[in-house]
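First residue of the sequence shown? That's 1 in UniProt numbering, and the numbers climb one at a time after it. Where is the CB? At the ideal position from N, CA and C, for every residue including glycine.
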Amino acid sequence: MKLSLSPPPYADAPVVVLISGLGGSGSYWLPQLAVLEQEYQVVCYDQRGTGNNPDTLAEDYSIAQMAAELHQALVAAGIKRYAVVGHALGALVGMQLALDYPASVTMLDSVNGWLRINAHTRR
């Protein structure tokens with residue numbers, strides 16, 4: 001998975017990972033980057049199957065898999081602890097990250113997230 005990482009604004013700057021909604025692209029967050037990058041190293045990415053991460057998704061592709069792939073990519077990039085801001089489906093991925101990797105997720109902000117996956121999201 002390809003990540004877009006901004007340079008840290010100062011040594012040991014906190015990391016914030018921005019997760020867009022269903023089929024989302026990291027470009028969703030462009031309006032917020034200029035402000036966030038003043039205080040954080042910002043990570044954006046295109047979800048698997050979109051943009052810079054093209055792929056055909058398996059029928060049983062899950063939120064847990066999305067979270068695991070993102071966490072593995074962050075670890076591979078040398079990022080061990082991070083805050084998460086997730087929008088819509090990205091909020092579900094963020095919640096899964098917090099459940100599965102509590103030592104890594106320092107904060108979770110769920111924007112327009114929900115608790116259950118509906119039929120539209122499942123397909």
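Straight-line Cα distance separating residue j from residue i
{"i": "Arg81", "j": "Val105", "result": "6 Å"}
{"i": "Ser62", "j": "Ala11", "result": "36 Å"}
{"i": "Ala98", "j": "Leu108", "result": "7 Å"}
{"i": "Ala67", "j": "Gly24", "result": "14 Å"}
{"i": "Met95", "j": "Trp114", "result": "10 Å"}
{"i": "Ala77", "j": "Val15", "result": "12 Å"}
Selection from the options that minimises the alpha carbon distance to residue i
{"i": "Gln41", "options": "Gly94, Ala83, Asp109", "result": "Ala83"}
{"i": "Trp29", "options": "Cys44, Val16, Val111", "result": "Cys44"}
{"i": "Ala73", "options": "Asp46, Asp60, Val35", "result": "Asp46"}
{"i": "Tyr101", "options": "Ile79, Asn112, Val35", "result": "Ile79"}
{"i": "Met1", "options": "Gly26, Val35, Ala103, Gln32", "result": "Gly26"}
{"i": "Ala103", "options": "Gly90, Ala91, Val75, Asn112", "result": "Val75"}
N- and C-terminal bounds of the alpha helix (DSSP H) containing residue i
{"i": "Leu74", "result": "63–76"}
{"i": "Gln32", "result": "30–36"}
Beta-carbon proximity of residue i to residue j, cut-off 8 Å
{"i": "Ser4", "j": "Glu37", "result": "no"}
{"i": "Leu70", "j": "Val93", "result": "yes"}
{"i": "Gly21", "j": "Ala64", "result": "no"}
{"i": "Pro8", "j": "Glu39", "result": "no"}
Span of the beta strand (DSSP E) around residue i
{"i": "Ile19", "result": "15–19"}
{"i": "Tyr45", "result": "41–45"}
Worksheet item: Which full runs of the alpha helix (DSSP H) of 4+ residues lie inside the stretch 83–107, going along the chain?
Response: Runs found: 89–100.
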